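Below: the structure, in structure tokens.
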Amino acid sequence: MLEFMRKQVSSWFIRIFLVLLIASFALWGIGDIFRGGRETEVATVGAAKINIIDLQTAYRRELARLRPLFGGTLDTEKARELGLVDRTLDGMVARALFDQEVRRLGLVIGDDQVRAEIQRVPQFQTIAGQFDRALFQMAIGQTGFSEETYVAEVRRDSARAQLLEALSGGVEPPRALLDTLFTFYGERRLADLLVLPESLIDAVPDPDATAIEAHYQANRDGFTVPELRAFSYLHLRPLDLVAEVTVSEQQLQAEYDARLADYQQPEKRDLEQILAPTIDVAAKGAELAAVGRALESVAAELRDQGAVHTTLGAVARGDVPENLAGAAFAVTEGGVTEPIRSDFGWHVVRVRKVIPARTRSFAEVREELLRAHQIELAADAIYQLSTKLEDALAGGATLEEVGQKLNLKMQKVAALDGRGRDGEGKGASGLPPVRDLPNLIGRATIGEDSPLTADAENGYVVFRVDAVIPSRLRPLTEVSDQVVVGWRSAERRRGLAKAAEGIMQKLAAGTTLDQVSTEMGIPLTQSPPIGRAAPAGPLVTIELANELYRRAVGEVVSQPARGGTVQVVARLTEVLRADADREPDAFGALRDQVRRLYGSDLTDAYRRHLGTQHKVTVNRTAVDKLF
């Protein structure tokens, strides 16, 4: 129930309930936290203060974020062992330090930038990729944020990002370091491969009873059926309720009217330009363009003087610098501007087409509005349904009784192991999309209802383990055919390894790999370029790659291929040195990775520096009492 309360704090009923609950706590002595009778601050960072409520809120959010990574079992005791409280507080201190530096430097993030940041969040967009206010409000409501708090947090995050980007954005690692790393990690090797197939081995005779028993005992794990669990579950899915949600045309029209600004598209202009290094070249370009010459043709004529032609496409006024926008949006369709200066040079812009401002009609957005309303109302309905479900279970009803009462279909799974396979050893299908469900099922107590668990589709699942089928070693009589097949495969692998050993002895005695290839009638093949400690196709395993990187050109090694069905004898033929000029993309990727590492180190050092400029004090006593 608490999980739903946190996600539904926008409900007036829940708000009133929480106010009354807090008031009742105050009567019993907890109110002194808010009145100052007890310590309320866990840290001070310069002039900023971090209070108990802020730390508790941040800690709960971090705990909720990490819990799915632990299969839903991360409790407060485990979190304490992981140092989650200290990590959360340290992050809050760092943000407070950066925030004070932002204020000292006077960095300001405008409303337009904040709006753009929010509208880029995928969770706030429709399937068509457009920002949807209803989805935005529903999503932030589920996280416990108000709209004002969320917008303020985005503004602060953007300001911090701007500060840190200014600090580390221009970091350039030393070229000597990049060259050394690229030389080491970018090196590749080539080898001649002699592939020994299973057909090289004579027919393997039938194993006797002793051999069968020995193989069976040596590979007991392969013949063991893991523990299986049968379970039942009820699944609440918003999508199941969407079709039942009705929204009137009056509601949709009212929503459209309230959000009309979101559907107003500003005037756009399809622009192309000539960019020139000097005003003289730009003026010549403007003169030629004014008499009807195509800008692309003009730029080609003035290319020797540094002019280039580019297209900007359809842009709104706010998409281009103000000085360019002022000129480009002042001329008529087909018109050409006078030369305009910017930090990049001199621009001559032609308006290829004017796309008038327009407002998307109600008919155009009706389905979008309807879907958003249905999702929102379905989420409310799921909340109401889940509350009834939890209350019924708390009252002693069984899952079957709850399902019948709430018209929910009881689902049953006959067998599931810890790897998500069914009783036949195949991947189980049709399971609810709950993260790490097999692990949750495996740890559950038989006969007990699970807590209501969120799934990946904004729904909820409650399950009960009905039976546990213990792990068992299948008797030899049941798996004898599989044992024989496994024994034969092992004998073939041993035979191939022995053949490879014989070839290695011949090579040590002076025979060349080419001669062995000719004698055996098996042609040599060249490997693809082999990276350091990396496989290169099914024949070159990591183990073989490692061996080749320990050898000099001309030396020979042998390893089984992936799956062990063939054996590979490999001769190192060439070392391909890394060359940044030949591989600019790979070198650029390495440089970007090292830049990020440098930037992270700079950020950490800057944070430590700010800690000396703004006094940081942590109230360990208050933290330890709280957690």
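Take 3 as the starting number for the sequence shown in my numbering and just add one per residue.
The C-beta atom is built at its ideal place from N, Cα and C for all residues, glycine as well.
From a predicted model like this one, the values you see are computed outputs, not experimental measurements.
DSSP beta-bridge partners of residue i
| i | result |
| --- | --- |
| Asn53 | Glu43 |
| Ile532 | Arg191 |
| Trp348 | Ala278, Arg343 |
| Gly336 | For Gly336, which the question treats as bridged, DSSP gives no partner whatsoever. |
| Ala302 | Per DSSP, none; premise fails for Ala302. |
| Gln267 | Arg360 |
| Ile471 | Leu230 |
| Gln561 | Val570 |
| Gln355 | Looking at the sequence shown, residue 355 is not Gln but Lys. According to DSSP, Lys355 bridges with Asp272. |
| Tyr235 | Gln413, Phe465 |
| His311 | Ile276 |
| Leu99 | Leu99 pairs with nothing; no bridge assigned. |
| Thr527 | Leu195 |
Chain-order list of residues whose beta-carbon lies under 8 Å from that of residue i (same chain, five-residue window excluded)
| i | result |
| --- | --- |
| Val283 | Leu304, Gln307, Gly308, Ala309, Trp348 |
| Gly337 | Arg352, Val353 |
| Val367 | Tyr258, Tyr265 |
| Val555 | Leu574, Thr575, Glu576, Val577 |
| Met506 | Val558, Ser560, Val571 |
| Leu107 | Leu165 |
Close Cβ partners of residue i (< 6 Å) along its chain, the five nearest in sequence each way excluded
| i | result |
| --- | --- |
| Val351 | Leu273, Gln275, Ala330, Thr339 |
| Glu5 | Because Glu5 carries a pLDDT of 37, less than 50, the predicted location of this residue cannot be relied on, and the following value inherits that uncertainty. Excluding residues within five positions, none has a Cβ falling inside 6 Å. |
| Ala263 | none |
| Val625 | Val44 |
| Val485 | Ile214, His217, Tyr218 |
| Gly420 | Pro440, Gly444 |
| Leu498 | Leu198, Gln569 |
Outcome for residue i when other beta-carbon atoms lying within 10 angstroms are tallied against a minimum of 16
| i | result |
| --- | --- |
| Gly38 | A caution first: Gly38 carries a pLDDT of 40, below 50, which makes its placement in the model unreliable, though a value can still be read off. Its Cβ having fewer than 16 others within 10 Å, Gly38 is exposed. |
| Lys270 | buried |
| Pro240 | buried |
| Val110 | exposed |
| Glu298 | exposed |
| Lys286 | buried |
| Thr455 | buried |
| Ala2 | This structure cannot speak to residue 2, because the chain is shown only from 3 to 629. |
| Pro434 | buried |
| Leu326 | buried |
| Gly31 | With a pLDDT of 35 at Gly31, under the threshold of 50, the modelled position of this residue cannot be trusted, and the question is left open. |
| Phe186 | exposed |
| Gln376 | buried |
| Ser602 | exposed |
Which listed residue (the options) has its alpha carbon closest to that of residue i
| i | options | result |
| --- | --- | --- |
| Leu439 | Glu426, Ala458, Asp603 | Ala458 |
| Ser1 | Leu198, Arg158, Arg135 | Because the chain in this structure spans residues 3 to 629, residue 1 falls outside the shown range and cannot be described. |
| Ala502 | Leu202, Arg135, Asp101 | Leu202 |
| Leu238 | Ala383, Ala50, Gly224 | Ala383 |
| Glu493 | Gly93, Asp56, Val206, Thr90 | Val206 |
| Tyr462 | Leu410, Arg584, Gln484 | Leu410 |
| Thr90 | Ser482, Gly512, Asp603, Tyr61 | Tyr61 |
| Ser529 | Gln267, Ala136, Val542 | Val542 |
| Leu230 | Lys627, Asp587, Arg474 | Arg474 |
| Glu369 | Leu254, Ile142, Arg105 | Leu254 |
| Asp181 | Asp583, Arg609, Arg157 | Asp583 |
| Val156 | Glu426, Gln121, Ala374 | Gln121 |
| Val249 | Asp88, Ala374, Ala607, Gln615 | Ala374 |
| Pro228 | Leu418, Ala301, Asp210, Asp134 | Leu418 |
| Glu426 | Gln102, Thr226, Ala81, Val104 | Thr226 |
| Thr447 | Arg437, Val470, Val436, Asn460 | Val470 |
| His611 | Glu103, Gly85, Arg67 | Glu103 |
Residues near residue i by beta carbon distance below 7 Å, same chain, minus five either side
| i | result |
| --- | --- |
| Gly422 | Gly429, Ala430, Pro440 |
| Gln115 | Ser160 |
| Leu408 | Leu387, Lys390, Leu391 |
| Gly613 | Leu99 |
| Lys617 | Gly48 |
| Asp468 | Ala232, Phe233, Ser234 |
| Pro358 | Glu269 |
| Glu335 | Val353, Lys355, Val356 |
| Leu372 | Val249, Leu254 |
| Arg609 | Ala96, Leu99 |
is_contact[residue i, chain B] using C-beta, thresh 8 Å
| i | result |
| --- | --- |
| Asp242 | Chain labels in this structure do not include chain B; a single protein chain is all it has. |
The ligand FMN heavy atom lying under 7 Å from the CB of residue i
| i | result |
| --- | --- |
| Asp438 | Ligands in the displayed structure: none, and consequently the ligand FMN is not present. |
> At a cut of 8 Å, does the region 242-253 reach the region 525-534 through at least three beta carbon pairs?
Replying inline: no
> Using 8 Å as the Cβ pair cut-off and three pairs as the minimum, do the region 480-500 and the region 206-225 touch?
Replying inline: yes
>> Closer than 8 Å is the cut-off here; do at least three beta carbon pairs connect the region 164-181 with the region 548-564?
In response: no
> How do the region 82-97 and the region 47-65 stand: do at least 3 beta-carbon pairs fall below 8 Å, yes or no?
Replying inline: yes
>> Measuring CB atoms only, is the region 531-538 touching the region 594-611, in the sense that at least three cross pairs come out at less than 8 Å?
In response: no
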